[in-house]
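Residue numbers (this note's numbering), protein chains in the order written: chain A, -18 to 292; chain B, 971 to 1258; chain C, 74 to 474.
Note that beta-carbon positions come from the ideal geometry of N, C-alpha and C, so glycine has one too.
A quick note: this is a predicted structure, and the numbers were derived from the prediction, not measured.
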Amino acid sequence: MTRVNLALLVFIGCVAALPLFGGAYALRLGTIACMYAILALSWNVVGGFAGYPSFATAAFFGFGAYATGVLLNKGVPLAPSILATLVASLLLAGLLGAVLLRLRGHYFAIASLSLVEVLRELVNNATDLTGGGMGLNIPLASGSGILADATFFFYAMWGLLLATALMVIGVSMSKLGFGLACIRQNETASDMVGLNTTLYKSAAFGLSACFVSAAGGLYAAWVHYIDPSDVFDILYSVKPIVMALMGGLGSPLGVVSGAFLYLALEEVVWRNYIQIHSGVLGVLIVMLLLFLPHGLISLRSRMFWRKAKHV
Amino acid sequence: MWVAQVLINALVLGCLYACIAIGFSLVWGVLNVINLIHGSFIVLGAYLAWGLYQALAIPPWYVLVIAAPLFFILGYLLQWLLLNRVITAPVLVTLTLTFGLDLILNNAMIYYFKADYRKLTLSPPMGSISLFDVVVPVDRLVATGFALALTGVLYLILRRLRVGRAIVAVRLDRDAAVLMGVDVKSIYATAFGLGAALAGCAGVLMALIFPISPLTSSTFLGKAFVVCVLGGLGSVSGALAGGLLLALVESVGATFLGPSHVTTLSFALLIVFLIARPQGLLGRKGFE
Amino acid sequence: MLYLKSARFSLVLGAAFIAIGCAPAAAEDVVRFGAPLPLTGPLAPEGIKQQQGYDLWAEQANKAGGISVGGKKYKVEIVYTDYQSNTPRAVQTSEQMITQDNVNFLFGPFGSGAAKAASTVSEKYKVPTLAATASSSQVYDQGYKYLFGTFTPNDTLTTPLTQIIKSQAPDVKKVAILARNDLFPLAIAQEMEKSAKANGLEVVYFEKYAINTLDHSATLSQMKSLAPQWIFITGYINDLLLIRKQMVDQQMKATVVTMIAGPAYQEFIDAAGQSAENVTSASWWHPAEQYAGKDIFGSTSNFVKLFRDKYKGDPDYGTASAAVCGALFQIAIERAGSLDREKVRDELAKLDIVTFFGPVKFGENGQINSLEPPVFQIQGSKPIVLFPQAIKQGELKLGVN
């Protein structure tokens, strides 16, 4: 295990100490931060490792939210619902991946974007099952107090983050990770050398989707009410990308710190610039892409190089 | 004879869709950039038409003449100053960059114009004409006429004017064009400017028919996407074909499956085309 | 090493930002009301209306010196946040307002969906909440004690409407219903369907359209081919304007055309012009009502006058409902004689009082059940009330072009 990955696990460990420092609202922010980190880390598997620009994160987030929501409504307890959602999305994404990952570049990006639209409308129309445009109400998981509830969901999301990080580290150290790196660099060559690109890509797509769906499910249980436009929101696809770009594409630690930093910025901007917050987000994205295309990580390495000159 | 009504509706709508998509198709085909600001440009054009009509009672068809150069300059500058820096970057970067720019533009519009829906109601209203039980509103016909005229103008530019031929050359083979002495950087800017101008003009025409609000920009963008994929990138005939196909699918779908399934249908069709025939119906490497 | 530094840097920065945001607010002789509203995004027009209602009430209350709490006067302060028409954010801001901004009481967010979602927070923290614009009875079915709403259930709009049409337009046999696929418009369309069937009308068409639909021509063509005598459309003001225009484009005629919830707004009548003629609608309140209220606004006409003076336009049911929520909080606090949340909540539950908005009494589940929502029709570019009898201004006119 590389030093970087170890650092990632240590960082996540530190985050677990949050309840000692803050009340219910801080826990709420912490839960969202963990959720963002899960989305960004998962996206990194298909976007950073494999090099396929996927915009499908929102599709699986929404899918997970509704799958868990429907199961909870039928009386299935939380843990089995999340588990079932995870498995279901792994399979679904694997299958979809086999089909969609035949496309490359722009076409893949658009196809993944369309997936969000299609799933949203499917949910919108299945009114009997999902409530359609009227939204889905999810029963409270427990009647316990506010702090207990907030702490429970914080740790649940944190646990999911840990699992995602372990998955990502596992992938990066395994043959799958190596294969994905080959695919990213030159897919045709990898194919010719005998790599089963379809299998690897589908596996990557599946893995990138399952934890996102689980996070979506947990999110649904947390907020008690979801509707299609909320959970199938394109921003859930774009934000992980911005976070990954901020922190450093490809590096799990970078991606996670990007996620946390992004959330902090979002909170500050939302509080202070109520009317123009999305414009400010836009400016942030533009600045980032024009001046810091390799993320924060590159900032440190540039400084490192500068230091080296003086040695 | 409501079947005929549905078909005529689709025909008219298809031309409007083509008009929305043509600028988007040009930019995508030539610069290989998916311009997510396109929808907001359309809405901005619509506001221009609405504003000028409210203030000076200038009807939208005259606004076209004002909108075209205005948006061309806007697009040209945007490309020259910002987008050109990331023109060779991967899809991810350009897509996210235009997404960010769109957030800025959209937010600015909401800030200045508010999210309320405005309507450009001509007085006196144009009414509709009726032929054998088929009713067609005149304002749509007028908008369709201008939309076709716009696509015709683009066609002529690309065929006849020197700069148009240069654009086509860059589209066909960038490196060869450079070797032939084409200033690619300025061609990129010109193409983007043209795309923006077309979007602005499309917006002016849309103001005649649809309500105007910054919230509709993503709807226009979504249509443009689907039309481009269905019809084929970078060609005028492709945009027309894609527009007609989309309008037809939507109209027939709304009739037989109900309006709630229309969006699902169009995006599912998009995915099918991407997988089975990514170059679209009439996609070709260059312009005709 | 560098990665560790970068990560720690991000963490510290992040913690710093969060800490900045968590500063508590100072306390004065002020009673704070939290109002999360969609001030941007698709629901912004509706959110701003609610804000107008709250502001008008706050201004009136403060003009009179404030709310009287056990002899002492407390100024009214309303804390607004924008949840960007995004329901999860509405929940988040509600919690933020309770824990960070220390509000005493809450106004519900706009609409049934967000109100229901946010009510979980207010119930957990035991903060009395008045929802000004939540009509679907599903909002109130969680057994919460701290949520109250000032809109009666959707069927109180559709039932009187159907009965009027049935009795005064006996030729009407076929109904076509087109609903926006969204919580309130769809819920009320479903009520309409039930009402129609219960009264022996045939529902020949029932479809939903997606939220951002720009073109309804195919749908309307199909509807036209079924030749219904009564066309019932639900949506928000922009959808209804668009659909009405496309109906005129296609030269659709019917005996009765009902639209909910656009025609209640002056903007609809102005924008639709001639095509708004004879369109029927129903809502929870109408400026023409004449109630002699015991609240700070007094009579309905006084409320309308105050609104006109401040905003240069007529109030509609959304602004009126928001204003009455403020007035009801004021009455409850004054009766409780304290800002204690339990006591105020109990006073709200006991209320049985006439206000400028109508008689107010909350049912067991917190939803108001004492209103008689008016049915009206646009005649000569003015909304004319057809029901209830007490404030009837005119007769139903048949035939819409």
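The shortest C-alpha to C-alpha distance from residue 1201/B to any of 979/B, 996/B, 1153/B and 1152/B is the one to 996/B.
Of the candidates 348/C, 161/C and 454/C, the residue whose Cα lies closest to the Cα of residue 201/A is 161/C.
Residue 154/C sits away from residue 172/C, with the two beta carbons spaced by 8 Å or more. At least one beta carbon of chain A lies nearer than 8 Å to the beta carbon of residue 284/C.
Within the region 247 to 258 of chain C, contact with chain B at the beta-carbon level (separation under 7 Å) is assigned to 254. Within a 10 Å sphere around the beta-carbon of residue 197/C sit 16 or more other beta-carbons, which makes this residue buried. Around the C-beta of residue 199/C, fewer than 16 other C-beta atoms lie within 10 Å, and the residue is accordingly described as exposed.
At a C-beta separation below 7 Å, residue 301/C has no neighbours in chain B, since its nearest C-beta there lies roughly 14 Å away. For the region 0 to 23 of chain A, the residues whose beta carbon sits under 7 Å from a beta carbon of chain C are, in order, 4, 5, 6, 7, 9 and 10.
The Cβ neighbour count for residue 61/A, taken over all protein chains shown within 10 Å, is under 16; the residue is labelled exposed.
At least one CB atom of chain C sits nearer than 8 Å to the CB of residue 206/A.
For residue 216/C, the closest Cβ of chain A is not nearer than 8 Å. Taking the Cβ atoms as the reference, residue 974/B lies roughly 5 Å from residue 1104/B, within the contact range of under 8 Å.
Within the region 154 to 166 of chain A, contact with chain C at the beta-carbon level (separation under 7 Å) is assigned to no residue. Interface flag for residue 1080/B against chain C is set, since a Cβ pair is found closer than 8 Å. The Cβ atoms of residue 158/C and residue 117/C sit closer than 8 Å to each other. Residue state for residue 470/C is assigned as coil, using DSSP reduced to three classes.
Per DSSP, the continuous beta strand (DSSP E) segment holding residue 332/C begins and ends at 329 to 333.
For residue 1011/B, no CB of chain C lies under 8 Å from its own CB, so it is not counted at the interface with that chain.
Within the model, the alpha-carbon separation for residue 456/C versus residue 355/C is close to 10 Å. Residue 148/C sits in a strand when the DSSP states are folded into three classes. Within the region 367 to 425 of chain C, there are no complete beta strand (DSSP E) runs of at least 3 residues. DSSP places residue 286/C in the coil class of the three-state scheme, outside both helix and strand. Among the residues of the region 164 to 194 of chain C, those with a Cβ less than 7 Å away from any Cβ of chain A are 164, 165, 168, 169, 172, 173, 186, 189, 190 and 193, in the order of the chain. Ranking 127/C, 104/C, 103/C and 102/C by CA distance to the CA of residue 110/C puts 127/C first.
Boundaries of the beta strand (DSSP E) harbouring residue 456/C: 455 to 460, taken from the DSSP string. For residue 358/C, no alpha helix (DSSP H) segment is defined, and its DSSP state is neither H nor E.
Between residue 1213/B and residue 991/B the beta-carbon gap is near 6 Å, inside 8 Å, which marks them as a contact. Setting aside the 5 residues that flank it on each side, residue 1041/B is surrounded in the same chain by 1166, 1167 and 1170, each with a C-beta closer than 6 Å to its C-beta; the list follows chain order.
With a 10 Å radius around the Cβ and a threshold of 16 neighbouring Cβ atoms, residue 116/A comes out buried.
At a cut-off of 8 Å between C-beta atoms, residue 1076/B does not count as an interface residue with respect to chain C. Remark: C-beta atoms of residue 300/C and residue 1233/B do not approach each other more closely than 8 Å. Bridge pairing for residue 431/C: 428/C [DSSP].
Cβ proximity to chain A below 9 Å picks out 1228, 1230, 1231, 1232, 1233, 1234, 1235, 1236, 1237, 1238, 1240, 1241, 1244, 1245 and 1248 from the region 1227 to 1251 of chain B. Between residue 106/C and residue 178/C, the CB-CB gap stays under 8 Å. CA-CA distance, residue 458/C to residue 1112/B, rounds to 40 Å.
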